[in-house]
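Data block below; observations after.
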Amino acid sequence: MKMHNLLKEKLEEKKYLVGAFVASCAPQNVEILAMNGMDFAILDMEHSPLGLETMVDMIRAAECYGMVAFPRVYTIETKLMRRVLDVGAHGIMLPMVNTPEEAKYIIDAVKFPPIGVRGMNSGRGPRWGAYPDYLREANDALFTIFQIETKQSVDNLEEIAKLEGSDVLFIGTGDLSLDMGHPGDLKHPEVAVAIDRVLEMCAKYNKIPGIVTSSPEAAAERVAQGFRIVTIMNDLGIFRSVTLDRINRTHELVSKLSL
943 MKMHNLLKEK
953 LEEKKYLVGA
963 FVASCAPQNV
973 EILAMNGMDF
983 AILDMEHSPL
993 GLETMVDMIR
1003 AAECYGMVAF
1013 PRVYTIETKL
1023 MRRVLDVGAH
1033 GIMLPMVNTP
1043 EEAKYIIDAV
1053 KFPPIGVRGM
1063 NSGRGPRWGA
1073 YPDYLREAND
1083 ALFTIFQIET
1093 KQSVDNLEEI
1103 AKLEGSDVLF
1113 IGTGDLSLDM
1123 GHPGDLKHPE
1133 VAVAIDRVLE
1143 MCAKYNKIPG
1153 IVTSSPEAAA
1163 ERVAQGFRIV
1173 TIMNDLGIFR
1183 SVTLDRINRT
1193 HELVSKLSL
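Okay, so the sequence shown: first residue is 943 according to our numbering, each after it adds one.
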């Protein structure tokens, strides 16, 4: 067996990829997204109670339909970074990567020598020995996503982007605009310049640009701008809005009846 970088292989076939944040800790939600043709799912271990055992089931649900699934974990938790890869995550997303020192700290944790210092294992990651060249192939096959979410990260962007071992620079628009003093205002000149700066550094250092969006229209706008991976939803956010709309619509219709 040979390892594959599923995210990069998808990008060789498509000009852009559409994904979702999954905060529900529900493998069936991942499976439904995959059945519907979603390209990737970010399994949120930053803002949800998701644990490792459930995360593995979520990854398996994605794999059944060819969707890429990877967790987002805190940048300081190197033990967790290594464990999610050891149990078979396709890659990893790290929020709030602010300095090249933080970026190198992450790379050391998730990459094998000579790039990093991750220790070898024989678990689900290397498929219990079925990947005979796992130590050599994993550094390329397991992609690493750095989230750019603060003014400090933008100021240090070139030093972060030039490091070997990262694949994607992904803008968290909410936190970035908040940190810049313009919460939610993605059209503010300072925020817009920062977003353009990420695209520029990705092009210069051959990184994949990614960004959060919250609607099909916003996603299409970002793809036209040059972003290649975009998120369009959070599964719990969609559940809340759709159920609220259905409840309110039911009450509206019933209110018109003569009861």
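By construction, the Cβ of each residue, glycine as well, lies at the ideal position given by its N, Cα and C atoms.
Tell me the DSSP secondary structure of residue i in three-state form.
| i | result |
| --- | --- |
| asparagine 1063 | coil |
| phenylalanine 1181 | helix |
| proline 1131 | helix |
| threonine 1155 | coil |
| valine 998 | helix |
| threonine 1192 | helix |
| asparagine 1176 | strand |
| valine 1029 | coil |
| isoleucine 1171 | strand |
| aspartate 986 | strand |
| alanine 968 | coil |
| isoleucine 1034 | strand |
| isoleucine 1018 | coil |
| leucine 959 | strand |
Could you check whether residue j and residue i sit closer than 8 angstroms to each other, using their CB atoms as the reference points?
| i | j | result |
| --- | --- | --- |
| isoleucine 1001 | valine 1015 | no |
| threonine 1173 | glycine 993 | no |
| alanine 1031 | phenylalanine 1054 | no |
| alanine 983 | valine 964 | yes |
| serine 1119 | threonine 1086 | no |
| tyrosine 887 | alanine 1103 | This structure cannot speak to residue 887, because the chain is shown only from 943 to 1201. |
| alanine 1051 | methionine 1009 | no |
| serine 966 | leucine 1178 | yes |
| cysteine 1144 | leucine 1105 | no |
| arginine 1139 | valine 1096 | yes |
| isoleucine 1180 | valine 1154 | no |
Quick check on residue i: buried or exposed, where buried means 16 or more other Cβ atoms within 10 Å of its Cβ?
| i | result |
| --- | --- |
| arginine 1170 | buried |
| glutamine 1089 | buried |
| methionine 1062 | exposed |
| threonine 1017 | buried |
| serine 1157 | exposed |
For residue i, which residues in the same chain have their Cβ closer than 6 angstroms to its Cβ, ignoring the five residues on either side in sequence?
| i | result |
| --- | --- |
| methionine 943 | Ala1072, Tyr1073 |
| methionine 1122 | Lys1093, Glu1132, Val1133 |
| methionine 945 | Tyr1073, Glu1079, Ala1083 |
Entirely enclosed beta strand (DSSP E) segments - the stretch 1039-1121, minimum 3 residues: As summarised for the stretch 1039-1121, the continuous beta strand (DSSP E) elements at least 3 residues long and confined to that stretch are 1085-1090, 1110-1113, given in chain order.
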